[in-house]
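To convert, take the position in the sequence shown, counting from 1, and add 3; that gives the numbering used here.
Ideal Cβ placement from N, Cα and C applies to all residues, glycine included.
Bear in mind the structure is a predicted one, so any value in this text is a computation, not a measurement.
I have placed the structure first, in the form of structure tokens, so that the comments after it can refer back to it.
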Amino acid sequence: MMPLFAALALLFFVAIFGAALLLVAKLLSTRSKPSKVKSEAYECGLPEQSTGNTKIPVKFYLTAILFILFDIEIIFMYPWAVSFRDFAARGAGFYAFGVMGIFLLIFIFGLFWEVKSRALEWE
């Protein structure tokens with residue numbers, strides 16, 4: 004019962020604090036309708052070159068998403084590698100190794116799927 008109360012109290016505090024911050028920001032803001040110059044894109048003091056309606060190919064987005072996905076998966080391996088000795092010392096080394104093995108299998112499956120589906124080919 005006590006952890007539930009603590010979680011609800013924290014949720015209530017966060018909601019009240021967030022609402023208070025939004026209210027203070029609204030009261031202190033001096034925002035008015037921006038001028039035409041302020042709403043234009045700034046490119047190092049040069050006049051605007053394009054309309055901003057250029058279409059970016061989906062391949063750029065796909066490459067970025069795949070990079071972030073695999074980068075985050077690699078980052079998850081660092082804490083595991085650092086704490087593996089502690090797991091082994093407590094007798095849970097095989098369990099930790101097995102969990103990371105499953106994680107690596109999913110990672111390698113995703114990598115093979117990416118190569119097989121030609122997600123990074125530009126032609």
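Rounded C-alpha distance that separates Ser38 from Glu124: Along the sequence shown, read from residue 1 onward, the residue named residue 38 stands at position 35. Along the sequence shown, read from residue 1 onward, the residue named residue 124 stands at position 121. In a straight line, the C-alpha of Ser38 is about 44 Å away from that of Glu124.
Check this for me: beta carbons of Glu76 and Phe100, under 7 Å apart or not? Counted from its first residue, the sequence shown places residue 76 at position 73. Counted from its first residue, the sequence shown places residue 100 at position 97. Against a cut-off of 7 Å, the Cβ pair of Phe100 and Glu76 comes out as no contact.
Is Ala122 near Leu72, with beta carbons less than 7 Å apart? Here residue 122 corresponds to residue number 119 of the sequence shown, with the count starting at 1. Here residue 72 corresponds to residue number 69 of the sequence shown, with the count starting at 1. Their beta carbons are not under 7 Å apart, which means Ala122 does not touch Leu72 by this criterion.
Residue span of the alpha helix (DSSP H) that contains Pro82, given as start and end: As a working note, residue 82 is residue 79 in the sequence shown. Element bounds for Pro82: Val61 to Ala92.
Tell me the DSSP secondary structure of Ala122 in three-state form. For the purposes of this step, residue 122 is taken as the residue at position 119 of the sequence shown. If DSSP states are grouped into helix, strand and coil, Ala122 belongs with coil.
Assigned secondary structure, Pro6 (DSSP; H/G/I helix, E/B strand, else coil): Counting from one through the sequence shown, the residue named residue 6 turns up at place 3. Helix, per DSSP.
I need the boundaries of the alpha helix (DSSP H) containing Lys36, first residue and last residue. Along the sequence shown, read from residue 1 onward, the residue named residue 36 stands at position 33. Here Lys36 belongs to no alpha helix (DSSP H), and DSSP marks it neither H nor E.
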